[in-house]
Structures are given as C-alpha cells and as structure tokens.
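Final position of the sequence shown in the numbering used here is 421; the numbers increase by one with none missing. Just so you know, even glycine gets a beta-carbon here, dropped at the ideal spot from N, CA and C. For reference, the structure discussed in these notes is given below.
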Amino acid sequence: MHPQEAAIHDTLAQTLLAGRLAPGSQLVETRLAQIFGVSRERVRKVLHRLGHERLLDLVPNRGCFVSSPTLAQAREIYEARRIIEGGIAASLAGRLTASQLEELQTHGHAEHAALQAGDRALSIRLSGAFHLLLAGFTDSPFVVRELQELVSRTSMLVAFFEPAAASECACEEHEEIVDALRTGDAGRAFRAMHVHLSLIETRLKPRVAAQAAADADQEIARAWAATQAPSA
190 MHPQEAAIHD
200 TLAQTLLAGR
210 LAPGSQLVET
220 RLAQIFGVSR
230 ERVRKVLHRL
240 GHERLLDLVP
250 NRGCFVSSPT
260 LAQAREIYEA
270 RRIIEGGIAA
280 SLAGRLTASQ
290 LEELQTHGHA
300 EHAALQAGDR
310 ALSIRLSGAF
320 HLLLAGFTDS
330 PFVVRELQEL
340 VSRTSMLVAF
350 FEPAAASECA
360 CEEHEEIVDA
370 LRTGDAGRAF
380 RAMHVHLSLI
390 ETRLKPRVAA
400 QAAADADQEI
410 ARAWAATQAP
420 SA
C-alpha cells in the first residue's frame with residue numbers, strides 16, 4: 190500500500206474503532222478526497238480495503254457506509270468464535286515455544302500500555318490481534334483466514350457497544366488464557382477462552398448510536414488534522 194494510502198487507512202480505521210462515527214453513516218469519496226488532499230482513486234482503494242476488513246459496508250450502486258452491526262448478530266458471531274477459538278486454545282496448550290510465549294507476553298504489555306494511554310482504537314486493534322496471534326500459532330492459514338473476518342466483525346461490535354472501561358477486563362482475561370497455555374492444561378485453556386469470549390458478549394450494551402459523532406466528515410477531518418500537526 191502506498192504510504193499516503195496507509196496513513197489515510199490508519200486514520201479511518203482508528204476513527205471507526207474509536208466508535209466516533211455513527212453506524213450507517215455514509216462516507217463519500219469526493220468529500221474524503223478533499224479532506225485528505227488526494228485523488229478519488231486513492232480514497233477508493235482505502236475504502237475497499239476497509240470494506241474487506243469489515244469495518245465498512247460497500248453497497249453496490251449506493252456507496253460506502255460505516256458498518257451497522259447489531260447485538261443479534263453479536264450472539265451468532267461470538268458463538269462461532271467460541272467454537273473455533275476454544276479448539277485453538279486447547280490445541281495450543283503445552284505446545285507453544287518459549288519464543289511464542291514471550292511474544293504473547295510482549296503483546297500483553299502493549300495492550301496494557303494502550304489501555305493506560307486511553308487509546309481506545311489501539312486497544313481494540315491489539316485485542317483482536319491477540320486472538321489472531323494464537324490462530325497463527327496453529328500454522329493453519331485456513332484457521333487464520335476464517336478467524337480474521339470474525340475478529341474484524343467483533344472489533345466493530347466492541348467499538349460501538351462495549352463501554353471503554355471494560356477493556357481492562359479483556360486484558361486480564363488474555364493473561365488468564367496465556368497462563369493456561371503456559372501450564373499445558375488444555376481444559377483450562379479451553380474454559381478460559383470460552384469464558385473470555387462470553388464475557389465480552391455480555392459487556393456489549395446498546396448505547397453508541399446516540400453518542401457517535403453526527404457529522405462523519407467533520408470527525409474524519411479532525412482526526413486527519415491531528416495526524417498532520419507538527420510534533421512538539
């Protein structure tokens with residue numbers, strides 16, 4: 190991806206994952222091109238990537254919209270994740286190398302740092318990345334590919350429906366999963382993953398639509414301007 194496109198992608202993804210855009214808001218290529226000072230073609234590439242990542246809905250002949258996940262969908266998605274990831278956790282228990290365990294520990298430190306910094310979007314990204322990291326340890330591209338879509342969908346659910354304070358609980362639950370994997374107890378690892386995903390589901394609350402920004406263009410422009418400001 191071109192550096193300019195990568196910067197635009199990161200700005201939009203962070204704004205979406207911070208829950209600052211109302212579900213269903215339309216993003217118009219021409220207006221985004223003006224905000225970012227680039228061609229519509231560059232904007233289109235970024236929007237298509239965000240659509241592939243399930244952060245946006247691309248509707249033929251209508252345009253591009255902020256994803257509008259529902260709590261009813263959340264139940265189906267989290268049930269699928271419990272089935273898949275419970276098996277992943279059980280299969281990895283006692284099989285991870287020292288370097289893989291160290292990688293998980295380092296990732297946990299990054300999650301805590303994002304939480305302490307109050308970076309909501311980064312916290313959500315890192316939380317999803319934790320689960321994809323475990324999937325990667327299975328050495329199964331199919332498992333990783335299937336889980337990527339589910340994680341992307343749940344990232345938007347968390348952004349819209351989970352209170353920010355709940356992120357700290359997720360960090361602690363990740364630590365419990367890693368500890369179970371380290372001890373080699375497959376049953377404990379399965380239960381820890383199952384409980385973690387169930388708790389995330391119970392923490393989702395129908396609250397964000399009224400709190401999200403009313404004007405998507407203004408919110409995106411503000412986020413982009415912040416990235417362009419010279420460092421002190």
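Pick helix, strand or coil for residue i, following the three-state DSSP scheme.
| i | result |
| --- | --- |
| Val136 | Outside the modelled stretch of the chain, which goes from 190 to 421, sits residue 136, for which no answer is possible. |
| Phe326 | coil |
| Leu285 | coil |
| Val255 | strand |
| Leu221 | helix |
| Leu216 | strand |
| Leu210 | strand |
| Glu362 | helix |
| Ser387 | helix |
| Val347 | helix |
| Met382 | helix |
| Lys234 | helix |
| Leu393 | coil |
| Asp368 | helix |
| Asp199 | helix |
| Glu291 | helix |
| Val333 | helix |
| Ser280 | helix |
Keeping to the same chain, check which residues put their C-beta closer than 7 Å to that of residue i; ignore five residues upstream and five downstream.
| i | result |
| --- | --- |
| Leu393 | Leu260, Ala263, Leu346, Phe350 and Glu351 |
| Val340 | Gly317, His320 and Leu321 |
| Phe379 | Gly275, Ala278 and Ala279 |
| Lys234 | Glu194 |
Compute the beta-carbon to beta-carbon distance between residue i and residue j, rounded to the nearest angstrom, for a pair I have assumed lies under 8 Å.
| i | j | result |
| --- | --- | --- |
| Ser344 | Ile313 | 5 Å |
Using a Cβ-Cβ cutoff of less than 6 Å, which residues in the same chain neighbour residue i once the five nearest sequence positions on both sides are dropped?
| i | result |
| --- | --- |
| Pro258 | Met345 and Leu346 |
| Gln203 | Ala310 |
| Ala207 | Arg309 and Ala310 |
| Ala412 | Thr200 and Thr204 |
| Gly373 | Ala282 and Gly283 |
| Arg229 | Glu218 and Ala222 |
With a 10 Å radius around its C-beta and 16 neighbouring C-beta atoms as the bar for buried, classify residue i as buried or exposed.
| i | result |
| --- | --- |
| Glu361 | exposed |
| Met190 | exposed |
| Leu370 | buried |
| Ile197 | buried |
| Arg270 | buried |
| Ser288 | exposed |
| Glu265 | exposed |
With a Cβ-Cβ cutoff of 8 Å, do residue i and residue j count as a contact?
| i | j | result |
| --- | --- | --- |
| Cys253 | Leu244 | no |
| Tyr267 | Leu386 | yes |
| Leu315 | Ala299 | yes |
| Glu218 | Ile273 | no |
| Val367 | Leu293 | yes |
| Leu290 | Glu357 | no |
| Gly297 | Glu364 | yes |
| Phe331 | Leu285 | no |
Leaving aside the five residues before and after residue i along the sequence, list all residues of the same chain whose C-beta is less than 8 Å from its C-beta, in chain order.
| i | result |
| --- | --- |
| Arg220 | Asp406 |
| Val232 | Ile197, Glu218, Leu221, Ala222 and Phe225 |
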